[in-house]
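Residue numbers (my numbering): 1 to 262.
Even for Gly, the Cβ is constructed at its ideal location relative to N, Cα and C.
For reference, the structure is listed below as C-alpha cells.
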C-alpha cells in the first residue's frame with residue numbers, strides 16, 4: 001500500500017512538472033500546426049524574446065496546442081495583446097494595445113472567429129470605429145469617427161459584405177455621401193455633397209455600375225454636367241455647362257463609344 005501511495009505521488013509530481021515546465025519558444029518544433037518538444041507534443045509554459053532578450057510573448061500549451069492565457073509585449077515592454085486560447089483557437093475577450101499603453105481594440109472570439117461587438121480606438125484614446133461580427137463576418141451597422149469625435153460613417157453590412165445604407169460625413173457634421181449597397185455593389189440613388197451642404201452629384205447605380213442619368217453641380221448650385229449611363233458605359237447624351245449656365249459641350253455616346261459632339 002505504501003508503495004502504491006509513493007508511486008501515485010511521483011506520477012502526480014511528473015504530470016505537474018510537465019504542465020508547469022518553462023521553455024523558450026525557439027526550443028519548440030512545429031509540425032502540421034502542432035508544437036513539439038523533444039519529439040513529443042508540448043505541454044507547459046513557453047516564452048519568446050526579442051533579440052535584445054526583452055520578453056516578447058508568454059503563452060501556455062497543452063498537448064501541442066496553445067491553451068490558456070496568451071500575452072505579447074511591445075519592444076518597449078508595454079503590453080501588446082492579451083487573450084485566451086483553447087486547443088489552438090482564440091476564445092473569449094481579447095485586447096490589443098498601442099505602445100503608449102492605450103487600448104487599440106477589444107472584442108470576443110467564439111471558436112476562433114470574431115463574434116459580437118468589437119471596438120477600435122485611435123492611439124490617443126478616441127474611438128475610431130465599432131461594429132458587430134458574426135462568425136468572422138461583419139454584420140449590422142458599423143460606425144466610424146474622426147479623431148475629433150465627429151461621426152465619419154454609418155455603414156450596413158450583411159455576411160461580410162456591404163448591404164444596405166451607407167452614409168459618410170464631413171468633419172463639420174454635414175453629409176458627404178449617401179446611398180445603398182446590395183450584396184457589396186452600389187445600387188439605386190446616390191448623392192454626394194459639398195462640405196457646405198450643397199449637392200455635388202446626383203447619381204443612379206445598378207449592380208455596382210452607373211446606370212441612368214448622372215448629374216453633377218458646381219458648388220454654387222448650378223448644373224455642371226449630365227451624363228447618361230447604361231451598365232457602366234456612357235450611353236446617350238453628355239452635356240456640360242460653364243458656371244454662368246452656358247452650354248459648352250454636347251456629345252452623344254453609344255455603348256461607351258463617342259458617336260458625335262459639338
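Q.
Given a cut-off of 8 Å on the beta-carbon distance, is the pair residue 218 and residue 236 in contact?
A. In this structure, residue 218 lies away from residue 236, with their beta-carbon atoms at least 8 Å apart.
Q: Please report how far the alpha carbon of residue 110 lies from the alpha carbon of residue 209, in whole angstroms.
A: Going from the Cα of residue 110 to the Cα of residue 209 covers about 37 Å.
Q) First and last residue of the beta strand (DSSP E) that includes residue 90? A) Residue 90 -> beta strand (DSSP E) spans 89 to 97.
Q. Can you tell which of 225, 52, 231, 258 has its C-alpha closest to the C-alpha of residue 242?
A. Of the candidates 225, 52, 231, 258, the one whose C-alpha sits nearest the C-alpha of residue 242 is 225.
Q: Consult DSSP for residue 61 and reduce its assignment to one of helix, strand or coil.
A: Residue state, collapsed to three classes: strand.
(Q) Using C-beta distances below 6 Å, list every residue in its chain close to residue 165, excluding the 5 sequence neighbours before and after it, in chain order. (A) Within the same chain, residue 165 has close Cβ partners 156, 180.
Q.
Which residue wins for smallest C-alpha separation from residue 122, given the options 221, 142, 100?
A. With distances taken between Cα atoms, residue 122 lies closest to 100.
Q: Round the Cβ separation of residue 93 and residue 83 to the nearest angstrom and send it over; I've been treating them as touching at under 8 Å.
A: Yes, residue 93 and residue 83 are in contact; Cβ-Cβ is about 7 Å, under 8 Å.
Q | Nonlocal neighbours in the same chain, by C-beta distance under 7 Å from residue 34, ignoring five residues either side | A | Excluding residues within five positions, the ones whose Cβ falls inside 7 Å are 41, 64, 65.
Q) Name the DSSP bridge partner or partners of residue 34? A) Residue 34 is bridged by DSSP to 31.
Q.
Determine, for residue 37, whether the minimum Cβ-Cβ distance to residues of chain D falls below 8 Å.
A. No chain D is part of this structure, which consists of one protein chain only.
Q.
With distance defined between alpha-carbon atoms, name the residue in 184, 204, 183, 144 nearest to residue 191.
A. Here the closest residue by C-alpha is 204.
Q | residue 150 versus 127, 116, 178, residue with shortest Cα-Cα distance | A | When 127, 116, 178 are compared, the shortest CA-CA separation from residue 150 is found for 127.
Q.
Just to check my reading of the structure: residue 160 and residue 144 have Cβ atoms closer than 8 Å, yes? What is that Cβ distance to the nearest angstrom?
A. So it is not a contact: roughly 17 Å between Cβ atoms.
Q) What are the start and end residues of the beta strand (DSSP E) that includes residue 148? A) Counting along the chain, residue 148 falls outside any beta strand (DSSP E), and DSSP gives it neither H nor E.
Q) Straight-line CA distance for residue 140 to residue 117? A) Within the model, the alpha-carbon separation for residue 140 versus residue 117 is close to 10 Å.
Q. Using the rule of at least 16 other Cβ atoms within 10 Å of the residue's Cβ for burial, across every protein chain shown, is residue 214 buried or exposed?
A. By the Cβ neighbour-count rule, residue 214 is buried, with 16 or more other Cβ atoms within 10 Å of its own.
Q. In three-state DSSP terms, what is residue 73?
A. Strand.
(Q) With H, G and I counted as helix, E and B as strand and the rest as coil, what does DSSP make of residue 11? (A) Note that residue 11 has pLDDT 41, beneath the 50 cutoff, so the model's placement of it is unreliable and the number below is only indicative. In this structure, DSSP gives residue 11 a helical state, which the three-state scheme calls helix.
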